[in-house]
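To keep things clear, I will list the structure first and then write my remarks on it.
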Ligand SMILES: C[S@@+](CC[C@H](N)C(=O)[O-])C[C@H]1O[C@@H](n2cnc3c(N)ncnc32)[C@H](O)[C@@H]1O
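Residue numbers (the UniProt record's numbering): 1 to 296.
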């Protein structure tokens, strides 16, 4: 991350959510009506133009597939992963959880779009530069939280102590919590992933859950070649890709932190669940693991 500059990748994924919020069925994603207000105007305009072109079922499929192809499936991936995480969060809220921590929150809109959070405190953790930009955009668009309260917690996962920063903002390690770490681990070193999982485990009451996306290392040659291009772009944007991790390795790091994997699934499962289709992306960008803090 460039100091002083908001995260570009957070704008890119919010733009995809803005597009899929307006795209008609059967390809709608998680509804994020504030996403368009949080990204720079050229991006929100592009999302609006693309969704306006989807006037018939055939045109919708064309927009959906055209952007999916151009982005090597990234647009499918983001629309689906946000929906899968929303559902996991709703499950925990229905079980009485009242604390949500969003790690690397970027332009995450959940605190501002989900009525189910009305009794919950939301802790948005990110670099201060991304938080400043988001706060200004929320204010300009007069968007108010739906959550009971929203606390901004400035943290660099590579440097800062997450537990101490959260406690300072009123987070309680005695109460159950839900943690979202969406689209972030790929930008972190293994040490930061392991350290953050340790902090999550230490700050989680039994029954707390973590929804975490991660990228397994690429094996097929074609994927490695495509990804090399991604590395160049990401580095130029100041957000280099670093954190590939095998499912078994992630499960072991979780176990060490007192967190057991409940589910681990990829975009093929989400596409079947939400769009009743096969996943058509060129490759699987990330998987979603749901972990639970074990008792004791
Ligand atoms: C691709 S964006 C995802 C944003 C959001 N979770 C979403 O899915 O919309 C990656 C986010 O991770 C944050 N991030 C990356 N490295 C970080 C670090 N070392 N410490 C704190 N946040 C970091 C960026 O600021 C950015 O908001």
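Ideal Cβ positions, reconstructed from N, Cα and C, are used throughout, including at glycine.
Remember, predicted model here, so these are calculated numbers, not experimental data.
With respect to the beta strand (DSSP E) encompassing residue i, which residues constitute its N-terminal and C-terminal limits?
i, result
"residue 178", "178-181"
"residue 125", "121-126"
"residue 154", "149-154"
"residue 289", "287-293"
"residue 15", "Where residue 15 is concerned, there is no enclosing beta strand (DSSP E), although the alpha helix (DSSP H) it sits in stretches over 8-22."
Does the separation of the CB atoms of residue i and residue j fall below 8 Å?
i, j, result
"residue 148", "residue 34", "no"
"residue 84", "residue 100", "no"
"residue 107", "residue 14", "yes"
"residue 72", "residue 226", "yes"
"residue 259", "residue 292", "yes"
"residue 267", "residue 278", "no"
"residue 214", "residue 250", "yes"
"residue 271", "residue 20", "no"
"residue 24", "residue 54", "yes"
"residue 124", "residue 152", "yes"
"residue 81", "residue 286", "yes"
"residue 157", "residue 196", "yes"
"residue 209", "residue 92", "yes"
"residue 6", "residue 160", "no"
"residue 65", "residue 115", "no"
"residue 36", "residue 48", "yes"
"residue 185", "residue 212", "yes"
Pop quiz: residue i and residue j are said to be a contact at Cβ under 8 Å. What is the actual Cβ separation, rounded to whole angstroms?
i, j, result
"residue 117", "residue 110", "7 Å"
"residue 187", "residue 239", "6 Å"
The alpha helix (DSSP H) spanning residue i covers which residue range?
i, result
"residue 193", "190-203"
"residue 52", "41-52"
"residue 91", "74-94"
Rounded to whole angstroms, what's the CA-CA distance from residue i to residue j? Just pull it up for me.
i, j, result
"residue 245", "residue 207", "25 Å"
"residue 300", "residue 265", "Residue 300 is absent from the structure shown; the chain starts at 1 and stops at 296."
"residue 276", "residue 60", "15 Å"
"residue 229", "residue 169", "40 Å"
"residue 12", "residue 189", "22 Å"
"residue 192", "residue 154", "16 Å"
"residue 86", "residue 97", "14 Å"
"residue 199", "residue 217", "24 Å"
"residue 182", "residue 32", "15 Å"
"residue 256", "residue 294", "11 Å"
"residue 177", "residue 95", "11 Å"
"residue 233", "residue 78", "18 Å"
"residue 274", "residue 280", "13 Å"
"residue 126", "residue 194", "17 Å"
"residue 235", "residue 241", "7 Å"
"residue 142", "residue 8", "22 Å"
Taking only heavy atoms of ligand 2 into account, decide whether any of them is closer than 7 Å to the Cβ of residue i.
i, result
"residue 231", "As far as ligands go, the structure on display features ligand 1 and does not contain ligand 2."
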